[in-house]
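Peer 1:
There are 2 protein chains.
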Amino acid sequence: MFEQFRNNFRFSDDKWNDYSSRFKRMVVPAKTILLKEGEVSKKMFLVEKGCVRVGFNNNGTDLTFQFFFENSTVASLESFKKQLPSQLFIETIEPSVLWYVNKKDVDIIIAEINEIPVMREKFLDVVFERTFDYMKHFLSFIKDTPSQRYVNLVKDNPQIIKRVPQHYIASYLGITTVHLSRIKSKLAKGKR
Amino acid sequence: MFEQFRNNFRFSDDKWNDYSSRFKRMVVPAKTILLKEGEVSKKMFLVEKGCVRVGFNNNGTDLTFQFFFENSTVASLESFKKQLPSQLFIETIEPSVLWYVNKKDVDIIIAEINEIPVMREKFLDVVFERTFDYMKHFLSFIKDTPSQRYVNLVKDNPQIIKRVPQHYIASYLGITTVHLSRIKSKLAKGKR
DNA sequence: TGCATTTAATAACAAATGTTATCGTCCACG
DNA sequence: CGTGGACGATAACATTTGTTATTAAATGCA
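Quick mapping for you: the protein sequence lines, in order, are chains B and C.
The opening position of the first sequence corresponds to residue 1 in my numbering, with each subsequent residue numbered one higher.
The opening position of the second sequence corresponds to residue 1001 in my numbering, with each subsequent residue numbered one higher.
1) Using 8 angstroms as the cut-off, can you tell me whether the region 59-73 of chain B makes contact with the region 17-29 of chain B, which would need three or more C-beta pairs spanning the two stretches below that distance?
2) Whose C-beta lies closer than 6 angstroms to the C-beta of residue 144 of chain B among residues of the same chain, with five residues either side of it excluded?
3) So which residues of chain C does residue 174 of chain B contact, with C-beta pairs closer than 8 angstroms?
4) What separation, rounded to the nearest whole angstrom, lies between the Cα atoms of residue 166 of chain B and residue 1122 of chain C?
5) Of the choices C:1111, C:1087, C:1179 and C:1114, whose alpha-carbon is the least far from that of residue 136 of chain B?
6) Buried or exposed: where does residue 93 of chain B fall if 16 or more other Cβ atoms within 10 Å of its Cβ makes it buried?
7) Please report the distance separating the alpha-carbon of residue 60 of chain B from that of residue 139 of chain B.
8) Taking the alpha-carbon of residue 1090 of chain C as reference, which of C:1074, C:1010, C:1025 and C:1026 has the nearest alpha-carbon?
9) Hey, how far is the Cα of residue 1030 of chain C from the Cα of residue 1101 of chain C?
10) Where residue 1080 of chain C and residue 42 of chain B are concerned, what is the direct C-alpha to C-alpha distance, given to the nearest angstrom?
11) Alpha carbon to alpha carbon, what distance is there between residue 1028 of chain C and residue 1106 of chain C?
12) Quick check on residue 1120 of chain C - is its C-beta less than 8 angstroms from some C-beta in chain B?
13) Is there a C-beta anywhere in chain C that falls below 8 angstroms from the one on residue 46 of chain B?
14) Please name the residue or residues paired with residue 99 of chain B in a DSSP beta bridge.
15) When DSSP builds the beta bridges, which residues end up paired with residue 1033 of chain C?
16) List the endpoints of the continuous alpha helix (DSSP H) containing residue 154 of chain B.
17) Using DSSP's beta-bridge definition, name the partner residues of residue 62 of chain B.
18) According to a CB-to-CB cut-off of less than 7 angstroms, which residues of the region 57-69 of chain B neighbour chain C?
19) What number of angstroms, rounded off, separates the C-alpha of residue 179 of chain B from the C-alpha of residue 147 of chain B?
20) Can the beta-carbon of residue 1054 of chain C be found closer than 8 angstroms to that of residue 1076 of chain C?
21) When DSSP labels each residue in this structure, what does residue 73 of chain B get in the three-state scheme?
22) Whose CA, out of B:22, B:14, B:35 and B:99, lies closest to the CA of residue 45 of chain B?
23) So which of B:37, B:150, B:159 and B:116 has the shortest CA-CA distance to residue 186 of chain B?
24) State the start and end residues of the unbroken alpha helix (DSSP H) segment that holds residue 131 of chain B.
25) Output the distance between the C-alpha atoms of residue 83 of chain B and residue 40 of chain B, rounded to the nearest integer angstrom.
26) Under a three-way DSSP split, which group does residue 1106 of chain C fall into?
27) Let me check one thing: in DSSP terms, what residues is residue 1067 of chain C bridge-paired to?
28) Spatial neighbours of residue 1174 of chain C within its chain, please: CB distance less than 8 angstroms, with the 5 preceding and 5 following residues excluded, ordered by chain position.
29) Please state whether the Cβ-Cβ distance between residue 56 of chain B and residue 37 of chain B is less than 8 angstroms.
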């Protein structure tokens, strides 16, 4: 499971054993709530198998912010870092196998990583990379039409199209399910 | 000018003199291009006085991504960090007084800062804070209507409303100038 | 297997937003 | 100062997107 981390960071065996022992495995069905809106995030998750959705409730309507699949880490970032109530909820979409670490363990690991310049650099890169992702995702909202965003999604993130129910995708694209359905049928016509 | 940085990071006098000497002051008129689209970003800017706009060209139309005012640092972040061609351009909107630092000097300063745990922590906080800002800004696009976004902008960022030409604000909100104008007049009616 | 529930497509209509064009105002700059 | 260009408001019309309702298909589960 953690191979990529291990390879990426090249820990000593001791450190590796210490760190990996802090992760706990959990097997959960679909629609399991991992974090409620308003709750303070105490855990970070790692997806071994399955699919996780991050979203929020906007006076009654359920909106999706992000999806996560195998080998990604999930948390309500701001809540986790600052220990404030989360604006977002986290739930599984598919039956999933997850690993979680507690906030205090993450803090310990990060503190140690940060003492080693090369690893600190890698960690910073990860943080920046996520920032860049948000920027790009945001940019697509001011420059692309919903239809273009959908086409991009099909191209860049086919996982989402294949595995996520369409009504979640719709709010992720900032549109209604009806409109997404229209977009799809219009695209299908174009291809014929 | 750098008071907030100095207070924030509490450098020794020596360090302070070293760091601040790496910043160069420049006085420029409005509509000065600080970074062209496609160019690799070599400088980070600090706004002493004036207003800076970050945007990009979307097949012919000029779109705005962000605005920066006094006491903020501006760069095409991804280009600056990775030394890749920038997707974004940077230009002044008002006649401005800016300070700039070269990439290599920033790298030196950051490397030194990172050796000191407390400062490293502060630096990370800054990076995360910007990430959170992008997240929030993005969220407003999936949960709010253009009209609500405008109202929020008036409330949270009156600077932008007061100092930035309206057609820049429109693309920043993801709408056309005509639509923004309509929103304003509708809001004005509501108040009467 | 069968049934309840979830999910997706579609139609008809309403509202929001974009497009193009025109006009008046303002103000930066020669 | 005077004036050309930038800026903003508005109208008329086109297009996109949302809303509500209905139906069919797919799916999970007892």
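Backbone N, C-alpha and C fix where the C-beta goes; we use that ideal spot for every residue, glycine too.
Peer 2: In terms of the structure at hand:
1) No, the region 59-73 of chain B does not touch the region 17-29 of chain B.
2) Within its own chain, no residue has a Cβ closer than 6 angstroms to the Cβ of residue 144 of chain B once the five positions on either side in sequence are excluded.
3) Those within 8 angstroms of residue 174 of chain B in chain C are 1141 and 1142.
4) Taking the Cα positions, residue 166 of chain B is about 41 angstroms away from residue 1122 of chain C.
5) Scanning C:1111, C:1087, C:1179 and C:1114 for the CA closest to the CA of residue 136 of chain B turns up C:1087.
6) Buried.
7) Computed Cα separation, rounded: 27 angstroms.
8) Of C:1074, C:1010, C:1025 and C:1026, the residue nearest in Cα terms is C:1074.
9) Residue 1030 of chain C and residue 1101 of chain C: Cα-Cα distance of roughly 20 angstroms.
10) When only Cα atoms are considered, residue 1080 of chain C and residue 42 of chain B end up about 34 angstroms apart.
11) Cα-Cα distance, rounded: 22 angstroms.
12) In terms of beta-carbon proximity, residue 1120 of chain C lines the interface with chain B, with at least one pair separated by less than 8 angstroms.
13) Not flagged as an interface residue toward chain C: residue 46 of chain B, since no C-beta distance is shorter than 8 angstroms.
14) Beta-bridge pairing links residue 99 of chain B to B:25 and B:46.
15) In the DSSP output, where bridge partners are listed per residue, residue 1033 of chain C has C:1091.
16) Looking at the DSSP string, the run of the alpha helix (DSSP H) that includes residue 154 of chain B is 146-156.
17) Answer is B:57, bridged to residue 62 of chain B.
18) Flagged, chain order: 58, 63 and 65.
19) When rounded, the distance between both Cα atoms is 9 angstroms.
20) Yes, these two residues count as a Cβ contact at 8 angstroms.
21) Three-state result, residue 73 of chain B: strand.
22) For the set B:22, B:14, B:35 and B:99, the Cα lying nearest the Cα of residue 45 of chain B is the one of B:99.
23) Cα-wise, what sits closest to residue 186 of chain B is B:150.
24) Start and end: 117-143.
25) Taken atom to atom, the span from the alpha-carbon of residue 83 of chain B to that of residue 40 of chain B is near 6 angstroms.
26) DSSP places residue 1106 of chain C in helix when its eight states are reduced to three.
27) Beta-bridge pairing links residue 1067 of chain C to C:1053.
28) The answer, listed in chain order, is 1141, 1146 and 1149.
29) Yes, the Cβ-Cβ distance between residue 56 of chain B and residue 37 of chain B is below 8 angstroms.
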